[in-house]
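To convert, take the position in the sequence shown, counting from 1, and add 1; that gives the working numbering. We treat Cβ as the ideally placed atom computed from N, Cα and C, and that holds for glycine. Just below is one structure, and these are the notes that go with it.
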Amino acid sequence: MIRKLRVLLFVLLLACSIISVYAESGGLNISFKEISEEYKKEDTLIYDYYCKYPFIEGDSPVAESINYYFVGAINEMTDLLLPMYAEDPDMAKSADNYIHQVYEICCNNGRFFSTRMLQEQKLDGIVKKSVYSQVFDVSGEYAGETLTLRGVLTEVGDSSEQIAALVLRDIWSKIEPEISKPNSPWHEDLCFETFSLDFYPEEHYYADEDSNAVFYLQPNIFRNDGEIVTFIYSRQDIENLIKEEETL
């Protein structure tokens, strides 16, 4: 009897521990939904669309706002863009085009909810991969809304533009020495001007579980290996970059 009570007590303590961890993290309750649509013209498949996206459970204002964002993005694809593509004469010349989108959760820590969407598009036989991202405020002043870069970094610096310029130069300083190394995956003709044309720090970022800003480079634009290269910056890292700039 005593042994059974000890086992029961252990189970109860374990359950309480699990509940406490969940409550402390404060993360949203997430499930995933899928949608698949085909767009044809005269029985010929012109475009196939697939999307796997997050859905926030519950009826809180934050859940409703975030869900509204994702549903709106999908409706724009299914009701506007893809029907337009299917009717385009140039599109209709090639069949079996597709857009596949899969969302990944990068942060769900009670402060931010952040996703990274991986998109693969085939058009006229050419496959292109790209990345898109979102960061939502969950418990702050702008709960339920998407945040700017400065908002993610808790209002450090003067503006998102200032942070973006500093990050752009700092990431380039890390890449430049790697270009000339033997068997480097970086394009050998990559220069700062080209880099700055296709990397937008104000858009190409998401939040990780530690509330850092994670900047990413689009695949196959700067490198030969198709990797999605990331660079992590904390609030302190950005403050250090600002201090360095002020001393110049």
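Item	Value
Residue from V128, Y104, L83 and P186 whose Cα sits closest to the Cα of L254	In the structure as shown, the chain starts at 2 and stops at 249, and residue 254 therefore has no counterpart that could be examined.
Nonlocal neighbours in the same chain, by C-beta distance under 6 Å from V103, ignoring five residues either side	K53 and L119
For I250, three-class secondary structure by DSSP	With the chain covering 2 to 249 only, the question about residue 250 has no answer from this structure.
Alpha-carbon to alpha-carbon, Q219 and D125	21 Å
Distance CB(E146)-CB(S37) smaller than 9 Å	no
Euclidean distance between Cα positions of S26 and D199	With a pLDDT of only 47 at S26, under the threshold of 50, the placement of this residue in the model should not be trusted; the figure read from the coordinates follows. Approximately 36 Å, taken between the alpha carbons.
C-alpha distance - A208 paired with G111, whole-angstrom precision	12 Å
Terminal residues of the beta strand (DSSP E) in which K182 lies	From DSSP, K182 is part of no beta strand (DSSP E); its letter is neither H nor E.
Residue closest to D80, alpha-carbon to alpha-carbon, out of D171, S140 and Y40	Y40
Whole-Å CB distance - H188 paired with N213, under 8 Å assumed	At roughly 27 Å, the Cβ-Cβ gap does not stay under 8 Å, so H188 and N213 are not in contact.
Element boundaries [alpha helix (DSSP H), containing A250]	Residue 250 cannot be examined here, being either before or after the span of the chain that is shown, 2 to 249.
Sufficient close CB pairs (3 or more, under 8 Å) joining the region 140-158 to the region 59-74	yes
Distance between beta carbons of K123 and Y86, contact taken as under 8 Å	About 12 Å; that fails the 8 Å criterion.
Cα-Cα separation between K129 and T248, rounded to whole angstroms	42 Å
Nearest-angstrom Cα separation, counted from F232 out to D60	35 Å
Endpoints, alpha helix (DSSP H) assigned at T45	First-last for T45: T45 to I57, but that is the beta strand (DSSP E), not the alpha helix (DSSP H).
Outcome for C192 when other beta-carbon atoms lying within 10 angstroms are tallied against a minimum of 16	exposed
Distance CB(S115)-CB(I127) smaller than 9 Å	no
Length of the line joining the Cα atoms of L148 and N30	20 Å
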